[in-house]
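Participant: 1 is the number of the first residue of the sequence shown in full-length UniProt numbering; add one for each residue after it. Below: one structure in structure tokens.
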Amino acid sequence: MTDGYSIVHPADVPAEQFNTCETTVRKLTAPLGATELRVNQVVIEPGEVTTPHTHEGQEEVFVSMDGGQISLAGEVHDVPAGGVVRVAPETVRNLCNHTDETHVWLAFGAPPVGTVENFGSYVVEES
Numbered sequence: 001m002t003d004g005y006s007i008v009h010p011a012d013v014p015a016e017q018f019n020t021c022e023t024t025v026r027k028l029t030a031p032l033g034a035t036e037l038r039v040n041q042v043v044i045e046p047g048e049v050t051t052p053h054t055h056e057g058q059e060e061v062f063v064s065m066d067g068g069q070i071s072l073a074g075e076v077h078d079v080p081a082g083g084v085v086r087v088a089p090e091t092v093r094n095l096c097n098h099t100d101e102t103h104v105w106l107a108f109g110a111p112p113v114g115t116v117e118n119f120g121s122y123v124v125e126e127s
């Protein structure tokens, strides 16, 4: 990493399990040296669903690397490969996979509220 840019291959960053579900995440913020946003790679295996949540004061953008599904305010949306989804802080969201294929997403959150470890002001929605 230099002062002006950085390049990271997600496979070089250890995968961790989310603390609220079985899905794995690679936290790319620190390896990239990002200071104005959070960056994560999320891998959703068939049948997996991340925890419905919001982020207080943090907008998120999700990029589907190879096609995927996202639930927004309780409604599941199919997203094509390369599709981009913006989610307002107060909108309940979660990634889901009701297919037989693995889905890979890049997630960007700004501003970078909270800490890298706690994904910002992560608010788990009660069912």
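Even for Gly, the Cβ is constructed at its ideal location relative to N, Cα and C.
Considering only the beta carbon of each residue, do residue 129 and Gln41 sit closer than 7 Å?
Facilitator: Missing from the structure shown is residue 129; the chain here goes from 1 to 127 and no further.
Participant: Is there a Cβ of chain D sitting closer than 7 Å to that of Gly82, yes or no?
Facilitator: Protein chains in the displayed structure number just one, and chain D is not present.
Participant: Is DSSP giving Thr54 helix, strand or coil here?
Facilitator: strand
Participant: In three-state DSSP terms, what is Thr91?
Facilitator: coil
Participant: Spatial neighbours of His77 within its chain, please: C-beta separation below 8 Å, excluding the five flanking residues on both sides.
Facilitator: Around His77: Gln69, Ile70, Ser71 and Val85.
Participant: Short of 7 Å in beta carbon distance, which residues of its chain neighbour Val116, apart from the five on each side in sequence? Order them along the chain.
Facilitator: Confidence is the limiting factor: at Val116 the pLDDT is only 48, short of 50, which leaves the residue's position unreliable and the question unanswerable from this model.
Participant: According to DSSP, Ser71 sits in a beta bridge with which residue or residues?
Facilitator: Bridge partners of Ser71: Val76 and Asn94.
Participant: Which first and last residues belong to the alpha helix (DSSP H) in which Thr24 is found?
Facilitator: Element bounds for Thr24: not the alpha helix (DSSP H) but the beta strand (DSSP E), Thr24 to Lys27.
Participant: Might you give, ordered along the chain, the residues of its own chain that have their beta carbon closer than 6 Å to the beta carbon of residue 129, omitting 5 neighbours on each side?
Facilitator: It is not possible to answer for residue 129, since the shown part of the chain is limited to 1 through 127.
Participant: Using the three-state DSSP reduction, which class does Leu32 fall into: helix, strand or coil?
Facilitator: helix
Participant: What did DSSP end up calling Ala110 once you bin it into helix, strand or coil?
Facilitator: strand
Participant: Spell out the partners DSSP gives Asn40 in its beta bridges.
Facilitator: Bridge partners of Asn40 according to DSSP: Lys27 and Ala107.
Participant: Excluding sequence positions up to five away, which residues of its chain have a Cβ less than 8 Å from the Cβ of Glu36?
Facilitator: Ala110, Pro111 and Pro112
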